[in-house]
Amino acid sequence: HSFSTVYAPDDLTDRIMHALPHVKKRLTWQRWVKRHPAFTAAALFAIVMFTSLLTVWNQGKELIVKGNDLSNVVIQGDTVYVPKGQMVKGNITVENGKIDVQGQVQGNVTVIDGKIVMASTAVISGQVDEINQAFSWLWFKMNEWMDHFK
Numbered sequence: 007h008s009f010s011t012v013y014a015p016d017d018l019t020d021r022i023m024h025a026l027p028h029v030k031k032r033l034t035w036q037r038w039v040k041r042h043p044a045f046t047a048a049a050l051f052a053i054v055m056f057t058s059l060l061t062v063w064n065q066g067k068e069l070i071v072k073g074n075d076l077s078n079v080v081i082q083g084d085t086v087y088v089p090k091g092q093m094v095k096g097n098i099t100v101e102n103g104k105i106d107v108q109g110q111v112q113g114n115v116t117v118i119d120g121k122i123v124m125a126s127t128a129v130i131s132g133q134v135d136e137i138n139q140a141f142s143w144l145w146f147k148m149n150e151w152m153d154h155f156k
């Protein structure tokens with residue numbers, strides 16, 4: 007017995023290829039994210055921390071004055087005055103305002119998001135710090151937090 011030759015139709019290959027489901031192309035960034043999960047997690051963490059830092063940085067713009075002895079300071083508007091002939095014992099911190107020192111401060115003077123004005127009669131026995139940048143502010147806040155554990 008002999009078999010007759012069977013021929014496939016000319017368009018058989020095209021019909022089979024069109025009947026197959028299409029392969030979905032993945033986006034390049036999705037492929038990269040799946041290949042580098044640690045870097046992706048670190049990048050997301052950095053983005054979340056940066057945005058939370060920005061919200062805290064821009065949070066309150068009201069005047070805040072901190073110190074051990076504030077009985078000799080005068081506050082007018084957004085300016086804190088240490089009058090001539092007066093003495094403040096201990097550190098003084100002013101946030102979102104100015105400090106005008108004409109008298110004496112026996113301690114550190116720190117101004118965050120503000121300005122320090124010192125008269126020729128001013129005497130400050132500690133450090134004078136003016137913090138107007140986010141990184142410096144973050145460093146100051148971390149040090150302030152660590153001081154609570156001393």
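So in our numbering, spot 63 of the sequence shown is number 69, and the numbers just go up one at a time. Each residue gets a CB set at the ideal place from its N, CA and C atoms; glycine is no exception. Bear in mind the structure is a predicted one, so any value in this text is a computation, not a measurement.
#1: Can you list, in chain order, the residues of its chain with a C-beta nearer than 6 angstroms to that of Met124? Leave out the 5 residues immediately preceding and following it.
#2: So which of Ser58, Gln82, Gly73, Gly113 has the shortest CA-CA distance to Val100?
#3: Could you tell me which residues DSSP pairs with Val115 in its beta bridges?
#4: Which residues does DSSP list as the beta-bridge partners of Asp106?
#5: Could you check the C-alpha separation between Val39 and Asn97 for me, to the nearest Å?
#6: Starting from Gln36, trace the alpha helix (DSSP H) in both directions and tell me its first and last residue.
#7: Quick check: what's the CA-CA separation for Trp143 versus His28?
#8: At which residues does the beta strand (DSSP E) containing Lys30 begin and terminate?
#9: Please name the residue or residues paired with Asn72 in a DSSP beta bridge.
#10: Quick check on Val129: does DSSP put it in helix, strand or coil?
#11: Quick check: the Cα distance between Ala48 and Leu60, rounded to an integer number of angstroms?
#12: How many angstroms separate the CA atom of Ser8 from the CA atom of Pro15?
#13: Secondary structure at Val79, three-state DSSP: helix, strand or coil?
#14: Leaving out the 5 sequence neighbours to the left and right, which residues in its chain are closer than 7 angstroms to Ile130 when beta-carbon positions are compared?
Well, looking at it:
#1: Correct list, in chain order: Val107.
#2: Checked all of Ser58, Gln82, Gly73, Gly113; the closest Cα to Val100 is Gly73.
#3: Bridge partners of Val115 according to DSSP: Ile98, Val134.
#4: DSSP, once it has assigned bridges, lists Tyr87, Val123 as partnering Asp106.
#5: Put simply, the backbone Cα of Val39 is about 49 angstroms away from that of Asn97.
#6: 34–41 is the span of the alpha helix (DSSP H), which, as asked, contains Gln36.
#7: Spanning the alpha carbons of Trp143 and His28 requires a straight line of approximately 55 angstroms.
#8: Taken as a continuous stretch (DSSP letters only), Lys30 belongs to no beta strand (DSSP E), as it is neither H nor E.
#9: Note that residue 72 is Lys in the sequence shown here, rather than Asn. DSSP, once it has assigned bridges, lists Thr99 as partnering Lys72.
#10: DSSP places Val129 in strand when its eight states are reduced to three.
#11: Spanning the two alpha carbons is a distance of roughly 18 angstroms.
#12: If you draw a straight line from the Cα of Ser8 to the Cα of Pro15, it is about 22 angstroms long.
#13: In the structure shown, Val79 adopts coil according to DSSP, grouped into three states.
#14: Answer for Ile130: Val107, Val111, Val115, listed in chain order.
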